[in-house]
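Right, one structure below, let's go through it.
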Ligand SMILES: [Zn+2]
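Residue numbers (this note's numbering): 20 to 309.
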């Protein structure tokens, strides 16, 4: 015989279960409704953008998408996800185009940097800075080499125009004292060893000088160190090139510098290093193909 209390308890449990099931059905229904509404609103917003303003920039598009969202429904996950996905892919395309530009900026004595250009930089190590968009690739390259037992020493990276000007003027003074040259002749002579302000890749923030810690002299013998050899072999994997190879002095305007590495992005780096060409030749080829 069951007592009344037991029935009461069972009934209670049953009612609780039913309430729980009803709540679950409500939640599922609400989620489905939200999802459908979200997809619908997302479509309407996109369709409106495409029809009315086909040539909008990404920033404007993003704004109108956000505006549309506020108007329609707050907190609809599906719609937000659809929009986020679309923004990411649109952003990626724009980013890819922009990426090619900044990575391949040509700076040499015939092509000075844009006036007033100042990259956003981040520290590599030891108070040396690099373009913030590529500093990660550089750090990865250094870390991977070090893991293989190499002892890299970064001895120059980003230089402000002011710093480059100081270096150049200092060189002019030394040339004048050593050779007796004056004026333009002294500046020209100085320019063969220290780049004129705005014509050094170090001002661009995409160049780094790396040597072996136990051989820090900037001469051709640097190329014989294990560090320089590893860099030459592996730099392209990280988007870097040996910028001034031994046989490209005429094209680059700079003597062989086994320590100077330039970031150009992985695609260009692979082609440049594989083909044994310099950045000037690569850009010429790219231009001819367009
Ligand atoms: Zn350099």
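For each residue, glycine too, the CB sits at the ideal point set by N, CA and C.
Annotated three-state conformation of residue 223 is helix, per DSSP. Inclusion of residue 208 and residue 194 in the CB contact set at 8 Å is warranted, their separation being smaller than that value. Straight through space, the alpha carbons of residue 222 and residue 186 are spaced by roughly 12 Å. Here residue 201 has 195 as same chain residues with Cβ atoms under 8 Å from its own Cβ, once five neighbours each way along the sequence are excluded. Boundaries of the beta strand (DSSP E) around residue 150: 147-150. For ligand 1, no non-hydrogen atom lies closer than 7 Å to the CB of residue 150.
Annotation for residue 194: the continuous alpha helix (DSSP H) segment containing it runs 180-198. For ligand 1, residues qualifying as neighbours are 228, 279, where qualification means a beta carbon closer than 5 Å to at least one of its heavy atoms (chain order).
Rounded to whole angstroms, the separation of the alpha carbons of residue 125 and residue 149 is 17 Å. A direct Cα-Cα distance of roughly 43 Å separates residue 258 from residue 199. Rounded to the nearest whole angstrom, the C-alpha separation of residue 153 and residue 269 is 28 Å.
Residue state for residue 177 is assigned as coil, using DSSP reduced to three classes. Here residue 183 is buried, its C-beta having at least 16 other C-beta atoms within 10 Å. Ranked by Cα distance from residue 249, the options 147, 140, 133, 161 are led by 161. Collapsing the DSSP output to three states places residue 249 in a helix.
Residue 172 carries a strand assignment under DSSP once its states are collapsed to helix, strand and coil.
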